[in-house]
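Heads up, the sequence shown stops at 417 in the working numbering, and the numbers go up one at a time, no gaps.
Quick reminder that beta carbons are idealized off the backbone N, C-alpha and C, glycines included.
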Amino acid sequence: MATMRRRTHARSRKGCVTCKDRHVRCDERLPYCRNCIRLGRECSYTTRSSSPDSNAEGVSSSSGLSTETGRPGTTLSTTAYPAASQQAWLARNSPSDFDIFYSEHPVSNQQDLSLSDMTIVKESREMMLQRSMSRGMMMTIAQHYKPKFNLLTAEFACVKHAVVGLGAYTHFRVTRSPVADDVCIRHRGLALSALQKEIDNFGQSNCDAVITSSVFLSATADSWEEWAVYVDGYSKSITHIINNNFHTAYPGMLSNDLQLRKCARNSNPHTNALLKDVSTMKKNIADLIHFILNTNNLIGLPKWRAAGFEELEKLACSVSDAMSEVDEVEQYHQLAGLRSWLFWTDMRKTDDAVEQILLTAHFYGLVLAVMPVFPARYKETLVEICAEKIDRALRALDDDNAEFGLGYLLGLAQSYL
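Structure (structure tokens):
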């Protein structure tokens, strides 16, 4: 009887640990090999004895920029690259939404970008590090989405230009640089043009690119209505993927975790707009901040910080400041962080610890505090979502401690129904 022999392949001496354990050939691609990305596995180029922070100082990206400072550094070596699964390292070194152009063919991918384009994008990375996002969100983005963003950026023009546009938008909001504004406008236009072509040929091969570019473009919108158009757009694309049973790199977006998709699906164009009473909204935010700080006293500072309450407090303060802005367009842009949290809060990969459930409830309490600023057609569904998240936190607690403010927030939700 003939014996079956396993197909052999050239040994990959510098391959990742996961591929070596599986005895498969690794393409040695940084930061994550294609085998691990395709199968959703952890990808590490370190030895098992390496600690999360070993050699972290001074490690550089493939672009030659230090991951700590964004300044020129030494070239990254394969053996020094930390494990993708080591969350402490990721939170410290890679919390931005993307590291652009991490592809096999970086030169060809950047050939239509000017020096000013690349400079703006690189500088914007440091600015993105300053945003208030919980660690759970940063871990989710870094581990589950950024590698996929990078692959799509290398292949699809609509994604590439949308990513550049978002980087330039972030840069302009911080520096008010006319150069950054020009880069944003130009690449947003290029992204829209390329996106329309992909939509006209929507299918299995480009569905993820359509969703990705739409999500990035939504972050550069100039008004609530324009933002809602993008939300409706990628929500319809997700529905099309489900109906046609397409494979997608974003299974999380197909679930009920993407709350904005619920808003788009149940949009009611006949809903009347709420009165935008600034003093009332600022009082609501002040009450919420009080409850957030009380949570610190109840669960302790280490858990409070680890869960993300410190970042939520910063977000709430920035939202309160935005309420004082009389120009509606400027106020909209100042609320970019609120929209980012609204997208990522339920998408983050965390355990079901009470602290995380409380964080979610308090965030949706912030949404309730400023409900009048959101598009009226989303109001009914968004209020229901907020009430559901707050009620879940109430049921998760062993006792209804009024210091958490959940009863107060649930009453606020009911006042809109």
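Can you say whether residue i is buried or exposed, counting buried as having 16 or more other CB atoms within 10 angstroms of its CB?
i, result
"S134", "buried"
"E330", "exposed"
"N272", "exposed"
"R125", "buried"
"L417", "exposed"
"G411", "exposed"
"P375", "buried"
"V163", "buried"
"S267", "buried"
"K197", "exposed"
"S49", "Note that S49 scores a pLDDT of 39, beneath 50, so its modelled location is shaky; the value from the coordinates is reported in the next line. Per the 10 Å Cβ criterion, exposed."
"S193", "exposed"
"N256", "exposed"
"E388", "exposed"
"R377", "buried"
"I292", "buried"
Output the distance between the C-alpha atoms of residue i and residue j, rounded to the nearest integer angstrom.
i, j, result
"V210", "G189", "15 Å"
"L366", "A228", "19 Å"
"C33", "M138", "21 Å"
"H240", "L335", "30 Å"
"N297", "V319", "23 Å"
"E226", "G15", "45 Å"
"F363", "F246", "33 Å"
"R392", "G136", "19 Å"
"Y169", "N401", "42 Å"
"L275", "P269", "17 Å"
"H23", "R29", "17 Å"
"K349", "A142", "11 Å"
"H171", "L113", "17 Å"
"Q259", "G252", "11 Å"
"N206", "I238", "12 Å"
"V121", "S218", "18 Å"
"H333", "T18", "42 Å"
"G337", "S132", "7 Å"
"H290", "S415", "20 Å"
"V174", "E328", "18 Å"
"F149", "V215", "11 Å"
"V278", "R305", "29 Å"
"K236", "C36", "29 Å"
"Y250", "D208", "8 Å"
"L368", "A413", "6 Å"
"E313", "R25", "47 Å"
"S324", "A286", "13 Å"
"E310", "L301", "9 Å"
"R423", "A221", "The shown model of the chain, from 1 to 417, leaves out residue 423, and the question about it has no answer."
Identify the continuous alpha helix (DSSP H) that holds residue i and give its terminal residues.
i, result
"F156", "Segment: none, F156 is in no alpha helix (DSSP H) and carries neither H nor E."
"H240", "W224 to N243"
"R188", "P178 to D200"
"V24", "Unbroken run through V24: none, as it is neither H nor E."
"T119", "L115 to M128"
"A221", "Where A221 is concerned, there is no enclosing alpha helix (DSSP H), given that its DSSP letter is neither H nor E."
"T140", "R135 to T140"
"Y408", "L406 to Y416"
"A301", "Strictly speaking, residue 301 in this sequence is Leu, with Ala absent from that position. L301 to A307 is the extent of the alpha helix (DSSP H) around L301."
Give me the Cβ distance between residue i and residue j, rounded to the nearest whole Å; I'm assuming they're in contact under 8 Å.
i, j, result
"I385", "L406", "That pair is no contact at about 15 Å."
"T153", "K146", "T153 to K146, Cβ: 10 Å. No contact."
"G165", "A191", "6 Å"
"V183", "D232", "At roughly 27 Å, the Cβ-Cβ gap does not stay under 8 Å, so V183 and D232 are not in contact."
"L342", "A307", "At roughly 18 Å, the Cβ-Cβ gap does not stay under 8 Å, so L342 and A307 are not in contact."
"A316", "I357", "In fact, because the Cβ distance is near 18 Å, the residues do not count as touching under 8 Å."
"T140", "M347", "6 Å"
Next item on the list: Jot down the residue ranges of each uninterrupted beta strand (DSSP E) in the stretch 251-298, minimum 3 residues, whole runs only, in chain order.
Entry: The beta strand (DSSP E) runs of length 3 or more contained entirely in the stretch 251-298 do not exist; there are none.
Notebook entry, point to check: Of all the alpha helix (DSSP H) runs that stay within the bounds of the stretch 319-382, which reach a length of 4 or more residues?
Noted result: 328-334, 336-344 and 354-369
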